[in-house]
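Peer 1: So the number in my numbering is just where the residue sits in the sequence shown, counting from 1, plus 30.
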Amino acid sequence: MVLSVNGGSGSETVYKRRRMNGASPLTEMLTPAQQRQTARHRKQKLMSKLSDSGFEEDLGSSPVSSPVRTNVSPLRLDGPEPPPAEQLSSWYLQYGDIGYNIQREREAQFYPCKSLARQPQLNAEARCKLVSWLIPVHKHFRLSFECCCLAVNVMDRFLASTAVAADCFQLLGVTALLLASKQVEICSPRISHLLSLCCDAFTKEQLCNLECLILLRLNFHLAAPTLAFFLDYYTNCSEAAELVLRQCSNLARKVCELSLADYAFNKYPPSLTASCALRLASELLKTEQGRVESATIQLQGDQWDSFGDELWYILKPHISHRQSVILDTSW
Numbered sequence: 031m032v033l034s035v036n037g038g039s040g041s042e043t044v045y046k047r048r049r050m051n052g053a054s055p056l057t058e059m060l061t062p063a064q065q066r067q068t069a070r071h072r073k074q075k076l077m078s079k080l081s082d083s084g085f086e087e088d089l090g091s092s093p094v095s096s097p098v099r100t101n102v103s104p105l106r107l108d109g110p111e112p113p114p115a116e117q118l119s120s121w122y123l124q125y126g127d128i129g130y131n132i133q134r135e136r137e138a139q140f141y142p143c144k145s146l147a148r149q150p151q152l153n154a155e156a157r158c159k160l161v162s163w164l165i166p167v168h169k170h171f172r173l174s175f176e177c178c179c180l181a182v183n184v185m186d187r188f189l190a191s192t193a194v195a196a197d198c199f200q201l202l203g204v205t206a207l208l209l210a211s212k213q214v215e216i217c218s219p220r221i222s223h224l225l226s227l228c229c230d231a232f233t234k235e236q237l238c239n240l241e242c243l244i245l246l247r248l249n250f251h252l253a254a255p256t257l258a259f260f261l262d263y264y265t266n267c268s269e270a271a272e273l274v275l276r277q278c279s280n281l282a283r284k285v286c287e288l289s290l291a292d293y294a295f296n297k298y299p300p301s302l303t304a305s306c307a308l309r310l311a312s313e314l315l316k317t318e319q320g321r322v323e324s325a326t327i328q329l330q331g332d333q334w335d336s337f338g339d340e341l342w343y344i345l346k347p348h349i350s351h352r353q354s355v356i357l358d359t360s361w
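What follows is the structure, encoded as structure tokens:
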């Protein structure tokens, strides 16, 4: 439409009517300063729909966009991942030994050594099957290893205080994974996706009720020291070569995954498990273990003998020789 400039009052009326209808004046009749003023964007409230687990996040109030997790390639010993020696963890750069000492002091309060003692319907084999299932599930949702370790810790602490029926054991596993993801991840998985992995044997209401029960029994104490934390600390403290450190760290993480599923390792604190896993990875890869273990805790001979024997027992089905250790990452 053409705006008439004759008869000033009439043109002014047309201009106001257009502004009320949501239209802007013609661009060629405005000065550059006026054109910049009219380019306005209405602030909209964006609600996150990535999670249906009981809370929403206002994304419009923050000027900085939240980081988005991109596609993560499978973990490989010789893959193109950045070496830990070059990119240290943010918590290690800020706190270092202070954070490690605090977690060591809190460690005894958060790891149950006999979580199945009060479970008449559950045994070590059932726990091994569930944890072995949770490990690929957390990778399917691209969750961190810290989240997986925390989920197992939450599950074990709840088992130490509450009897669980065998038919609800899988529901406990996915609920613990959901709580752990809320604690350490940016976005938690959708409840519907978690329940679909259980063949829809449970309802959303059952999961939410169990989630509340876990929080009450644990008194909302979720920030437990985990295997992932201590392994990350020992790796950051090491002064080994780039390739050696990367291989040892990745192999030690695989060893820690196997130890999570074995109930026999519940009697060991996470700091000891992480230290022994890194030492075993160093010996398996024939590296200079003195350099890799420079920051690990001091182990007594009987501790390493007992722990090493149990580690070798669970590793025998997966490791035959040195080449399989380096190349095979499927286990």
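The beta-carbon is built from N, C-alpha and C at its ideal position, and this holds for glycine as well.
What separation, rounded to the nearest whole angstrom, lies between the Cα atoms of S211 and F175?
Peer 2: The count along the sequence shown starts at 1 and reaches residue 211 at position 181. The count along the sequence shown starts at 1 and reaches residue 175 at position 145. Roughly 11 Å separates the two Cα atoms.
Peer 1: Tell me whether A241 sits in a helix, a strand or coil according to DSSP, three-state version.
Peer 2: Within the sequence shown, numbered from 1, the residue matching residue 241 stands at position 211. Here residue 241 turns out to be Glu, not Ala, going by the sequence shown. Of the three classes helix, strand and coil, the one that applies to E241 here is helix, per DSSP.
Peer 1: Grouping DSSP H, G and I as helix and E and B as strand, with all else coil, what is P150?
Peer 2: By 1-based counting over the sequence shown, the position of residue 150 is 120. Looking at P150 - three-state DSSP - the assignment turns out to be coil, as it is neither helix nor strand.
Peer 1: Compute the distance between the beta-carbons of V285 and A307, then report whether it is under 9 Å.
Peer 2: The residue given as residue 285 occupies position 255 in the sequence shown. The residue given as residue 307 occupies position 277 in the sequence shown. In contact: V285 and A307 (Cβ atoms closer than 9 Å).
Peer 1: Buried or exposed: which applies to H168, given that a residue is buried once 16 or more other Cβ atoms fall within 10 Å of its Cβ?
Peer 2: Counting from 1 along the sequence shown, the entry for residue 168 is found at position 138. With 16 or more Cβ atoms within 10 Å of its Cβ, H168 is classed as buried.
Peer 1: Where does A138 fall in DSSP's three states?
Peer 2: Here residue 138 refers to the residue found at position 108 when the sequence shown is read from its first residue. A138: helix per DSSP, three-state reduction.
Peer 1: Going by CA-CA distance only, name the one from C198, S218, C229 and H223 that's closest to L152.
Peer 2: In the sequence shown, counting from the first residue as 1, residue 152 sits at position 122. Checked all of C198, S218, C229 and H223; the closest Cα to L152 is C198.
Peer 1: In the DSSP assignment, the alpha helix (DSSP H) including L224 goes from what residue to what residue?
Peer 2: As a first step, residue 224 must be located in the sequence shown, where it is residue number 194. L224 -> alpha helix (DSSP H) spans I221 to L227.
Peer 1: Where do the N-terminal and C-terminal ends of the alpha helix (DSSP H) with N183 fall, by residue?
Peer 2: Here residue 183 corresponds to residue number 153 of the sequence shown, with the count starting at 1. Residues F175 to L189.
Peer 1: Pick helix, strand or coil for G129, following the three-state DSSP scheme.
Peer 2: Here the question's residue 129 lines up with position 99 in the sequence shown. In this structure, G129 counts as helix in the three-state DSSP scheme.
Peer 1: What is the DSSP secondary structure of H170, counted as helix, strand or coil?
Peer 2: Reading the sequence shown from its first residue, position 140 is the one you call residue 170. Here H170 sits in helix by DSSP.
Peer 1: Would you mind sorting S191 into buried or exposed? The rule is 16 or more other CB atoms within 10 Å of its CB.
Peer 2: Walking along the sequence shown from the start, residue 191 turns up at place 161. The residue is exposed, with fewer than 16 neighbouring Cβ atoms inside 10 Å.
Peer 1: Ignore the nearest five residues each way along the sequence and tell me which others in V204's own chain have a CB closer than 6 Å to its CB.
Peer 2: By 1-based counting over the sequence shown, the position of residue 204 is 174. These residues qualify, in order along the chain: L224.
Peer 1: Cutting at 6 Å between CB atoms, please list the residues of its own chain near Q200, excluding the five before and the five after it.
Peer 2: Position 170 of the sequence shown, counting from 1, holds the residue named residue 200. For Q200, where only same-chain residues beyond five positions count, the Cβ hits under 6 Å are C228.
Peer 1: Under DSSP, the alpha helix (DSSP H) around A16 begins and ends at which residues?
Peer 2: As displayed, the chain neither begins before 31 nor continues past 361, which places residue 16 out of reach and without an answer.
Peer 1: Taking L207 as the reference, which of A195, L160, V194 and R247 has the closest Cα?
Peer 2: Translated into the one-based positions of the sequence shown, residue 207 becomes position 177. Comparing Cα positions, the closest option is L160.
Peer 1: Can you tell me whether DSSP reads R72 as helix, strand or coil?
Peer 2: In the sequence shown, residue 72 corresponds to position 42, counting from 1. Residue placement at R72 cannot be trusted, given a pLDDT of 46 that sits under 50; what the coordinates show is reported in the next sentence. Here R72 sits in coil by DSSP.
Peer 1: Taking the alpha helix (DSSP H) that D230 belongs to, which residues open and close that run?
Peer 2: Your numbering for residue 230 matches position 200 in the sequence shown. It is not in any alpha helix (DSSP H) - D230 carries neither H nor E in the DSSP assignment.
Peer 1: Among residues of its own chain, excluding the 5 on either side of N296, which ones have a beta-carbon nearer than 8 Å to its beta-carbon?
Peer 2: Residue 296 sits at position 266 when you count from the first residue of the sequence shown. Contacts found: Y141, P142, C143, K144, S145 and D186.
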